[in-house]
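For the sequence shown, my numbering begins at 135 and goes up steadily by one.
One structure is given here, and the rest of the page talks about it.
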Amino acid sequence: MIFTRSHHNHARLNVPTLVYIAAIAIITTRCVDLLMVFNMLGLRGAMDFIHRSVQTWSLTLVFLSSLLLLCIEFRCAFAIIKGRNWGRWIYLLSQIAASGYLWAASLGWGYPELFSIAGETKREILHSLVMQKTPDIMILVLLFLPVQSRRFFQLQ
């Protein structure tokens with residue numbers, strides 16, 4: 135029967151607008167980041183970057199870690215839309231790890247310098263890092279501060 139009504143035994147998920155915006159922002163910022171990198175490097179530059187990234191074990195590890203982090207962030211975005219509390223916590227941890235690595239690489243403690251932020255002093259580097267991470271900070275604010283967002287994840 136085409137016109138029969140199907141009965142669902144589970145409640146529909148009503149995602150708060152701020153949570154939905156945060157999840158879409160995660161996906162959008164990562165896609166735009168990738169597009170900007172490929173636009174800046176071009177196809178040949180991207181291939182050269184990948185070729186250079188697999189020259190040594192440490193570069194390969196950093197390259198694969200960055201790809202893994204990208205996949206984790208995408209997975210977190212979809213988990214957040216489904217109301218999975220672990221999604222926002224893993225996203226928070228991924229941002230702490232990425233910011234920590236960028237900070238360390240920028241101060242010369244990390245490898246390679248490709249993943250570092252230019253600056254003369256620690257203060258300039260920190261300012262640039264905060265400016266670069268502002269969209270991610272805003273996403274985290276949307277996920278953790280509003281009462282509707284916190285309640286949504288507590289009820290799931």
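Cβ coordinates follow ideal geometry from the N, Cα and C atoms, glycine included.
Only a predicted model underlies this, so the values are computations on that prediction, with no experimental measurement involved.
Can you tell me whether residue i is buried or exposed? The criterion is at least 16 other CB atoms within 10 Å of its CB, across all chains shown.
i, result
"residue 252", "exposed"
"residue 172", "exposed"
Should residue i and residue j be called a contact, given that it needs their Cβ atoms to be closer than 8 Å?
i, j, result
"residue 152", "residue 214", "no"
"residue 274", "residue 204", "no"
"residue 160", "residue 231", "no"
Which residues in the same chain as residue i place their Cβ atom closer than 6 Å to its Cβ, once the five residues preceding and following it in sequence are excluded?
i, result
"residue 163", "269"
"residue 166", "none"
"residue 187", "193 and 197"
Please report the straight-line C-alpha distance between residue i and residue j, rounded to a whole angstrom.
i, j, result
"residue 200", "residue 288", "30 Å"
"residue 206", "residue 158", "15 Å"
"residue 224", "residue 202", "13 Å"
"residue 182", "residue 221", "34 Å"
"residue 190", "residue 170", "26 Å"
"residue 149", "residue 168", "27 Å"
Within the same chain, show all residues whose beta-carbon is closer than 8 Å to that of residue i, passing over the 5 residues directly before and after it, in chain order.
i, result
"residue 249", "196, 200, 235, 236 and 239"
Just confirm the distance between the C-beta atoms of residue i and residue j, as a whole number of angstroms; I'd bet it's less than 8 Å.
i, j, result
"residue 217", "residue 290", "3 Å"
"residue 260", "residue 233", "Contact doesn't hold; Cβ gap of about 10 Å is too wide."
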